[in-house]
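Peer 1: Here it is, the structure in full.
Protein chains: 2
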Amino acid sequence: MLSREAGATKSGQTSMADDSILVVSGGVGGAKLCLGLQRVLPEGALRIIVNTGDDFTHLGLYISPDLDTTLYTLAGLANQELGWGRDDETWTFMRVMESLGGPTWFKLGDGDLALHVERTQRLAAGETLTSIAADVAQHLGIRSRIIPMSDDPVSTLVQTADGVLGFQEYFVRERCGPAVIRLHFQGAEAARVSVAATQALRDSSLRAIVIAPSNPYLSIDPILAVPGMRTALRGAGVPIIAVTPIIGDAAVKGPTTKIMRELGVTPSALSVVEHYRGLIDGFVLDARDASVAEQIQLPVQMCDTLMLTLDDRERVARCVLEFARRI
Amino acid sequence: MLSREAGATKSGQTSMADDSILVVSGGVGGAKLCLGLQRVLPEGALRIIVNTGDDFTHLGLYISPDLDTTLYTLAGLANQELGWGRDDETWTFMRVMESLGGPTWFKLGDGDLALHVERTQRLAAGETLTSIAADVAQHLGIRSRIIPMSDDPVSTLVQTADGVLGFQEYFVRERCGPAVIRLHFQGAEAARVSVAATQALRDSSLRAIVIAPSNPYLSIDPILAVPGMRTALRGAGVPIIAVTPIIGDAAVKGPTTKIMRELGVTPSALSVVEHYRGLIDGFVLDARDASVAEQIQLPVQMCDTLMLTLDDRERVARCVLEFARRI
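Quick note, the sequences are listed as chains V and G, same order. Counting from 1, position 90 in the first sequence corresponds to residue 90 in the working numbering; the numbering is continuous, with no gaps. Counting from 1, position 111 in the second sequence corresponds to residue 1111 in the working numbering; the numbering is continuous, with no gaps.
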């Protein structure tokens, strides 16, 4: 019912267009799974609630890294080599900015800038992040719905031994160097779940919710920190499945395990399950961690969760959909 | 005293470093003369008061076309082929902006954008146009002072048969097509001459003021419309010389003669002299117009005013300086 089987025909896709899957996601890792899901699901069946806690204003431009990564990835425009930004990019802006003595720690490609400039001016004109994301997705030919978690500002702040850093200062400028003491989602208490997110969660077509293999602390927690989000996720009345961002004691990418250690948590899939306790109904565990499966007090699906190739992304997507259908 | 003679030595330059020349200028044509002057004058001797009536906000970015043209030209970065913008430019931003459905009628190069983004955010942070221009000039290695006419907003509006257009809408989007009925410098009455412009005009080193061969109506009049500017120019107590923007009945570039006709003025150097009556003490006439020289009731210097090559720019600069010294 949920997934298009490997050999499904075009007509097989069409028959499932009334079912939808909602992913709760951060940037790179989550976007990979979303691309896999977009490719195996019928057109329009995928909705993604994206973290905006990483958003910040730089050079006067509103930058939404996870939204951008999701948009570029689903449009087939993601820069595979860099792991961020757009493919087919040029860097004249940064070169000139440097010559003018401007800040250069946050790299902005010339093409990437177009999205930031366009979004910044539309936000200033009163448009919502949601409506801009929807319009950009349409222009880029994306058939999935990409939904910011909130149209209100939420800023992930990283309290470190060196003081409090904005997320991008911590993540990009300091390359996750300082030890994390605590994370704070500034503005979250006053933020509202976006209307589009609420609609997607209440949609009668919804069949499952997937917590993407994103960093639970930096990418998923800001989403869950928006008042009403947890309740809305649980209230959707469909299975909620988390996909592990950890294999053994290592994260596929990024500072997940470093942060877990700094926060006093053992880096492991079990810790992620524990982190999501009360929220999820099932867990996709990497096949390499089969030995810990029986310690998880929830339905578990084993799968090779490493997504290096496009085939990997589709394979993990099918595995997740199959699991969702089963539990 | 004023000009470095064609064969002047390095020591000859140094001896004149205490004399300064002030140019009142618009964009392209004026910047060409300024480049010539910068090359023949001692380092630091050139000050330029630049029109900001063309400034506008586009895509949320503050764009100052005449300031930018002056900066790029004096830094040796002007795009000779296009006649505007930067040399060595790329256009990825515009290509992506188009794919996002954004406006594309005003072309912004990737490198050019760095200046607009940097200036916009610094203005928003409370810095003045003057201080940003000075800082950018320094970073680009420019040894002349480039001074906005005012730090207050002045917007040239073009009243046409099709309605009132912003200057860039008229100039770029409509390519000067609609007939001009009247020009209005919105905000001019409340604008103040910039502190730096006042200082440059009061500087005891000042030896002459040059009205650049810019469009008198579109580029020089907005500067003269700032209350106190005319008085400050005359009050400087040095010769004021205008360089003709017209040869015969044609402008070297741009819509000058078209606008003159539309405003009911005969396109000719004589009309320009008449336009500046009461302000100027001398006029640099193109040698091709020698026959009208005796109709000008002011000291006249004949010169080939066409500036196609770098040598031309230096030659016209020397001619202007020689004239200033003489009257």
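No residue lacks a Cβ here, since even glycine has one placed at the ideal position from N, Cα and C.
On a CA-only basis, which of Tyr1170(G), Phe1093(G) and Val1316(G) is nearest Val1284(G)? Give me that one, please.
Peer 2: It is Val1316(G) whose Cα lies nearest to the Cα of Val1284(G).
Peer 1: For Thr256(V), go through chain G and note every residue whose CB falls closer than 7 Å to its CB, in chain order.
Peer 2: Per Cβ cutoff of 7 Å: no residues; Thr256(V) is ~31 Å from chain G at best.
Peer 1: Can you tell me whether Leu1046(G) is helix, strand or coil according to DSSP?
Peer 2: If DSSP states are grouped into helix, strand and coil, Leu1046(G) belongs with the strands.
Peer 1: Using a Cβ-Cβ cut-off of less than 7 Å, list which residues of the stretch 1170-1185 of chain G approach chain V; keep chain order.
Peer 2: Under the 7 Å Cβ criterion, the stretch 1170-1185 of chain G contributes no residue.
Peer 1: Check distances from the C-beta atoms of the stretch 1043-1060 of chain G to those of chain V and list, in chain order, the residues that come in under 7 Å.
Peer 2: Those residues of the stretch 1043-1060 of chain G that come within reach of chain V (Cβ to Cβ, closer than 7 Å) are Leu1059 and Gly1060.
Peer 1: Would you call the stretch 1208-1222 of chain G and the stretch 1168-1185 of chain G touching, i.e. three or more CB-CB distances under 8 Å?
Peer 2: Because the criterion of three Cβ pairs below 8 Å is met, the stretch 1208-1222 of chain G and the stretch 1168-1185 of chain G touch.
Peer 1: For the alpha helix (DSSP H) containing Tyr72(V), list its first residue and its last residue.
Peer 2: Element bounds for Tyr72(V): Pro65 to Leu74.
Peer 1: Could you check which residue in Arg1207(G), Ala1179(G) and Glu1118(G) has the C-alpha nearest to that of Asp1162(G)?
Peer 2: Answer by Cα proximity: Ala1179(G).
Peer 1: Can you name the start and end residues of the alpha helix (DSSP H) that Met307(V) belongs to?
Peer 2: Run containing Met307(V): none; DSSP gives neither H nor E here.
Peer 1: Report the three-state DSSP secondary structure of Gly1030(G) (helix, strand or coil).
Peer 2: Helix.
Peer 1: Can you find a CB in chain G that lies within less than 7 Å of the CB of Gln121(V)?
Peer 2: Judged by the 7 Å Cβ criterion, Gln121(V) is in contact with chain G.
Peer 1: Where does Ile328(V) sit, in a helix, a strand or coil, going by DSSP?
Peer 2: Nothing in the structure corresponds to residue 328(V), since chain V is present only between 1 and 327.
Peer 1: May I have the straight-line CA-CA distance separating Gln297(V) from Val24(V), to the nearest angstrom?
Peer 2: Their Cα atoms are separated by approximately 22 Å.
Peer 1: Anything in the stretch 1099-1131 of chain G with a Cβ closer than 7 Å to a Cβ of chain V? List those residues in chain order, please.
Peer 2: Cβ contacts with chain V come from Ser1099, Leu1100, Gly1101, Gly1102, Asp1110, Gly1111, Leu1113, Ala1114, Leu1115, Val1117, Glu1118, Thr1120, Gln1121 and Ala1124.
Peer 1: Under the assumption that Pro1245(G) contacts Pro1213(G) (Cβ atoms under 8 Å), give the Cβ distance between them as a whole number of angstroms.
Peer 2: Confirmed, about 4 Å.
Peer 1: Starting from Ser1271(G), trace the alpha helix (DSSP H) both ways and give me its first and last residue.
Peer 2: Ala1269 to His1275 is the extent of the alpha helix (DSSP H) around Ser1271(G).
Peer 1: Give the C-beta separation of Gln1168(G) and Phe1093(G) to the nearest angstrom, bearing in mind that I take them to be a contact with Cβ-Cβ under 8 Å.
Peer 2: That pair is no contact at about 18 Å.
Peer 1: What does the alpha-carbon distance come out to for the pair Lys258(V) and Tyr1072(G)?
Peer 2: The alpha-carbon atoms of Lys258(V) and Tyr1072(G) are separated by roughly 47 Å.
Peer 1: Quick check: is the beta carbon of Val96(V) nearer than 7 Å to any beta carbon in chain G?
Peer 2: It does; some Cβ of chain G falls within 7 Å.
Peer 1: According to the neighbour-count rule (16 or more other Cβ atoms, all chains shown, within 10 Å of its Cβ), is Arg1173(G) buried or exposed?
Peer 2: Classification for Arg1173(G): exposed.
Peer 1: Using DSSP's beta-bridge definition, name the partner residues of Ala242(V).
Peer 2: Paired residue(s): Ile211(V) and Phe283(V).
Peer 1: When the cut-off is 7 Å and only beta carbons count, does Thr73(V) lie next to chain G?
Peer 2: Not an interface residue.
Peer 1: Kindly examine the ligand ADP and report whether one of its heavy atoms sits closer than 6 Å to the Cβ of Pro65(V).
Peer 2: The ligand ADP is not part of the structure shown, which contains no ligands of any sort.
Peer 1: Note down, in chain order, every chain G residue with its Cβ under 7 Å from the Cβ of Phe167(V).
Peer 2: Simply none; closest approach about 19 Å.
Peer 1: Would you list, in chain order, the members of the stretch 1078-1097 of chain G that have their beta-carbon closer than 9 Å to a beta-carbon of chain V?
Peer 2: Going along the stretch 1078-1097 of chain G in chain order, one finds Arg1086, Asp1088, Glu1089, Thr1090, Trp1091, Thr1092, Phe1093, Met1094, Arg1095, Val1096 and Met1097 with a Cβ nearer than 9 Å to chain V.
Peer 1: Using the three-state DSSP reduction, which class does Phe1185(G) fall into: helix, strand or coil?
Peer 2: Of the three classes helix, strand and coil, the one that applies to Phe1185(G) here is strand, per DSSP.
Peer 1: Using only the alpha-carbon positions, how far apart do Val1243(G) and Ala1250(G) sit?
Peer 2: Val1243(G) and Ala1250(G): Cα-Cα distance of roughly 14 Å.
Peer 1: Have a look at Leu100(V), Thr69(V) and Met97(V) and flag the residue whose alpha-carbon is nearest the alpha-carbon of Gly85(V).
Peer 2: The candidate whose alpha carbon is nearest that of Gly85(V) is Thr69(V).
Peer 1: Please name the residue in Val1292(G), Ile1327(G) and Asp1312(G) whose C-alpha comes closest to that of Gly1337(G).
Peer 2: Here chain G covers residues 1001 to 1327 and nothing more, so residue 1337(G) does not appear.
Peer 1: Beta carbon of Ala196(V), beta carbon of Thr130(V): below 7 Å?
Peer 2: Result yes, Cβ atoms of Ala196(V) and Thr130(V) sit closer than 7 Å.
Peer 1: From the DSSP output, in three-state form, read off Thr160(V) for me.
Peer 2: The answer is strand: DSSP assigns Thr160(V) an E or B state.
Peer 1: If you run the structure through DSSP and keep just helix, strand and coil, what is Arg1325(G)?
Peer 2: DSSP places Arg1325(G) in helix when its eight states are reduced to three.
Peer 1: Measure the alpha-carbon distance for Gly44(V) versus Ile132(V) and round it to whole angstroms.
Peer 2: Each residue's Cα considered, the two are about 18 Å apart.
Peer 1: Decide if the stretch 46-65 of chain V is in contact with the stretch 1111-1125 of chain G; the criterion is three or more beta carbon pairs, one per stretch, under 8 Å apart.
Peer 2: Enough Cβ pairs lie closer than 8 Å, so yes.
Peer 1: Which residue or residues does DSSP assign as beta-bridge partners of Ser1219(G)?
Peer 2: Ser1219(G) is not bridged to any residue.
Peer 1: Between the alpha carbons of Thr1090(G) and Leu115(V), how many angstroms are there, rounded?
Peer 2: C-alpha separation (whole angstroms): 17 Å.
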